[in-house]
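Engineer: Here the sequence shown stands for residues 1 to 307, numbered as in our numbering. Yeah, the Cβ is synthetic: ideal placement off N, Cα and C, and Gly gets one too.
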Amino acid sequence: MSDRHLVIGAGPVGRHVAAVLAERGERVTVATRSGRDTGLEAVGHVALDASDADALTRATEGAAVLYNCANPGDYTQWERTWPPLMTAMLAAAERTGAVYAITGNLYPYGPVDGPMHEGLPDAATDRKGVLRAELWADALAAHRAGRVRAVEVRGSDYVGPGVGGNGHITRVLPAALRGRAVTMLNRTDLPHTFTDVLDVARTLVAAAADDASHGRTWNVPSNAPRTQVQAVTEMLAVAGKPPVPVRRIPTGVVRAAGLVVPFMREMAEMSYQWTRPYVLDDSAARAHFGIEPTPWEEVCRRTIAGL
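Now the structure itself:
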């Protein structure tokens, strides 16, 4: 098998995937639209429009794995940006024979009662969840038809270096570190799973390399759930800072704001994640890959250091 790997996207997951592979001595190229340098040693970089199937196929030739770590950050543009990206990546994997390893999320499960595990159907009711479920279904159908080898890993809300304003916890940490009160969405007293981006990368790399793991999804090993207040308070404690007041934006306010603010409308669709326990069952991945999550205190230190 080739020791060359192509990583699409240089966000927090893509960077960690590239770093994990480079530390193992693999040859890694990170592709972004700009071709910007990630600063990672022994990692190559290329400018590439990953929605161009022909260009992506040329870049993937000879690679053992094509890692989909793309992360279009603007929720309002997902229905425009995701389909051509996923179509091109699936085509490139099929044409080249590279394993297709996808960074997914929990949105396809939709609202559930109880912990989310891989045996649940993808039953999302919101547009973003339905979209991600359809895109995985396309990859799974191609896998079952023998056209590609595909696997997807799913983590919960991200913490860790580089997550920044895209994370519910990291979004408020800079203000909290300055001793200011912070505002978070909906219920702040319910158990919620948070996933370290390093653990997403470790699981994605392990799944890509394991033929027996292909053709299904895997939930990323993650630490025990915490409330939003607990997570912020514990991050502050690691930094030697006292707790701060945590205010909440009720669901009704989020929905009302969504009438005039497109981003808030997108967030309102996902409000179920913060109005009931949102807990990940990662037992299958722990047992299969032997991966344990990065200890929470270390996650807190890495997250603070990476702000």
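With a threshold of 16 other CB atoms inside 10 Å of the CB of L259, please say whether the residue is buried or exposed.
Structural biologist: As a first step, residue 259 is located in the sequence shown; it is residue number 259 there, counting from the start. The residue is exposed, with fewer than 16 neighbouring Cβ atoms inside 10 Å.
Engineer: Which residue or residues does DSSP assign as beta-bridge partners of V30?
Structural biologist: The count along the sequence shown starts at 1 and reaches residue 30 at position 30. Answer is V7, H45, bridged to V30.
Engineer: In terms of DSSP beta bridges, what is R154 paired with?
Structural biologist: As a position in the sequence shown, residue 154 is number 154, starting the count at 1. R154 is bridged to G104, N219.
Engineer: Checking the sheet assignment: what are the DSSP bridge partners for F289?
Structural biologist: Translated into the one-based positions of the sequence shown, residue 289 becomes position 289. Its beta-bridge partners do not exist; DSSP assigns none.
Engineer: Please check the pair L280 and L120, which I expect to be a contact at CB under 8 angstroms, by giving their CB distance rounded to whole angstroms.
Structural biologist: Position 280 of the sequence shown, counted from the first residue, corresponds to residue 280. Position 120 of the sequence shown, counted from the first residue, corresponds to residue 120. About 11 angstroms separates the two Cβ atoms, so there is no contact after all.
Engineer: Going by alpha carbons, who is nearest to M264 out of V253, V205, Q273, P191?
Structural biologist: Here residue 264 refers to the residue found at position 264 of the sequence shown. When only C-alpha atoms are compared, the closest one is V253.
Engineer: Would you identify the three-state DSSP class for L66, choosing helix, strand or coil?
Structural biologist: Against the sequence shown, residue 66 aligns to sequence position 66. It is a strand residue.
Engineer: Going by C-alpha to C-alpha distance, which of L307, G165, K241, E152 sits closest to A133?
Structural biologist: Here residue 133 refers to the residue found at position 133 of the sequence shown. A133 has its Cα closest to that of E152, out of L307, G165, K241, E152.
Engineer: Rounded to whole angstroms, how far is the Cβ of V232 from the Cβ of A181, which I believe are closer than 8 angstroms?
Structural biologist: In the sequence shown, the residue the question calls residue 232 occupies position 232. In the sequence shown, the residue the question calls residue 181 occupies position 181. Not a contact, Cβ separation roughly 11 angstroms.
Engineer: Between L311 and T203, what straight-line distance do the alpha-carbon atoms span, to the nearest angstrom?
Structural biologist: This structure cannot settle anything about residue 311, because the visible part of the chain is limited to 1 through 307.
Engineer: Would you grab the beta carbon distance between H5 and Y100 for me? Rounded to a whole angstrom, and I think it's under 8 angstroms.
Structural biologist: Locating residue 5 in the sequence shown gives position 5, where the first residue counts as 1. Locating residue 100 in the sequence shown gives position 100, where the first residue counts as 1. With a Cβ gap of about 12 angstroms, H5 and Y100 do not count as contacting.
Engineer: At a cut-off of 7 angstroms, would you count V28 as near the ligand PLP, judging by its Cβ distance to the nearest heavy atom?
Structural biologist: Here there are no bound small molecules, and the ligand PLP is not part of this structure.
Engineer: Just how far apart, CA to CA, sit T294 and S222?
Structural biologist: Here residue 294 is taken as the residue at index 294 of the sequence shown, counted from 1. Here residue 222 is taken as the residue at index 222 of the sequence shown, counted from 1. Cα to Cα, T294 sits roughly 8 angstroms from S222.
Engineer: Just checking my contact of A206 with F289 at CB under 8 angstroms: how many whole Å lie between their CB atoms?
Structural biologist: Working through the sequence shown from its first residue, we reach residue 206 at position 206. Working through the sequence shown from its first residue, we reach residue 289 at position 289. Their Cβ separation, rounded to whole angstroms, is 5 angstroms, which keeps A206 and F289 in contact under 8 angstroms.
Engineer: Can you list, in chain order, the residues of its chain whose CB lies under 8 angstroms from that of A22, leaving out five sequence neighbours each side?
Structural biologist: Along the sequence shown, read from residue 1 onward, the residue named residue 22 stands at position 22. Closer than 8 angstroms at the Cβ level, and outside the excluded window around A22, lie V28, L40, E41, A42, V43.
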